[in-house]
Structures are given as structure tokens and as C-alpha cells.
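Visitor:
Residue numbers (the working numbering): 1 to 124.
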């Protein structure tokens, strides 16, 4: 049996991007769960991914899910990849890895008279 390892799945997920941000889905914290199951022929795996999007109104969800499926199913060890999008819990910027926060310029000092920084919005 040559079942794929979770590390390899994560490696592929790090090649999938939200088209509006220069950071991969894994480092954005959008991947909530990865389940690997033996496929029917015992030489391949079925992958179930549970993920979120940065906002419920994101129009790129289908494209992002298809990108994940295509990249995973291109691997010899994968029979099928399934992607479920959920908003429970809702994604928030605290889920972003430290590496990605630096790339996005988050975690910088706040200007005076402003309470916080949000992604894709003006200073509040």
C-alpha cells in the first residue's frame, strides 16, 4: 500500500493560493482539517479537506476548491480529493501563521489614533 502522508498533502496545499492574497491557503489558516482514507484499490488514498474562505461572500470559493482537487488528484497516490467549504468557525486573521503575517505586513505598529488593522480594508 502506498498511502500518501499528511506532510505531502500539506506540501501541495502550500501551492494553492487565494487569488486575492500573496499567501498560500495553508499559511492563511484556511485549512481546518485533512483526512486521508484508503481508496477502494488499497494502493491509493482519498483525501477530504475541510477549509474556509476569508469571507462568506468570497466569489472564488469554487475556483479555490477546484485548484486543490486538481493538484491533489494529479498525484499518483491520490484516487480522489474532496473539498468542503465551511464557515464554522469563521476564519479570522488570527489564524494566519507568523510567516504569512510578515509577508502580508501584519503585526506592524499601529498608527496613532487607530484601533486595529484589518485585511482588505482601510485603517479603522
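Cβ coordinates follow ideal geometry from the N, Cα and C atoms, glycine included.
Pull up the distance between the alpha-carbon of residue 14 and that of residue 67, whole angstroms please.
Guide: Their Cα atoms are separated by approximately 12 Å.
Visitor: Can you tell which of 100, 95, 84 and 42 has the C-alpha that lies nearest to the C-alpha of residue 62?
Guide: For the residues 100, 95, 84 and 42, the minimum Cα distance to residue 62 belongs to 84.
Visitor: Would you mind working out which of 29, 18, 16 and 48 sits nearest residue 78, comparing C-alpha positions?
Guide: Nearest C-alpha to residue 78: 48.
Visitor: Quick check on residue 16: does DSSP put it in helix, strand or coil?
Guide: Coil.
Visitor: Here's a check: name, in chain order, each residue in its chain whose Cβ is nearer than 7 Å to the Cβ of residue 87, leaving out the five neighbours to either side.
Guide: Result list for residue 87: 52 and 56, in chain order.
Visitor: When the Cα atoms are used, what is the spatial distance from residue 6 to residue 58?
Guide: Roughly 27 Å separates the two Cα atoms.
Visitor: Please report the straight-line C-alpha distance between residue 19 and residue 50, rounded to a whole angstrom.
Guide: Going by the C-alpha atoms only, they are around 19 Å apart.
Visitor: For residue 71 and residue 12, which I take to be in contact (beta-carbon distance under 8 Å), what is that distance rounded to the nearest angstrom?
Guide: 5 Å between Cβ atoms; contact.
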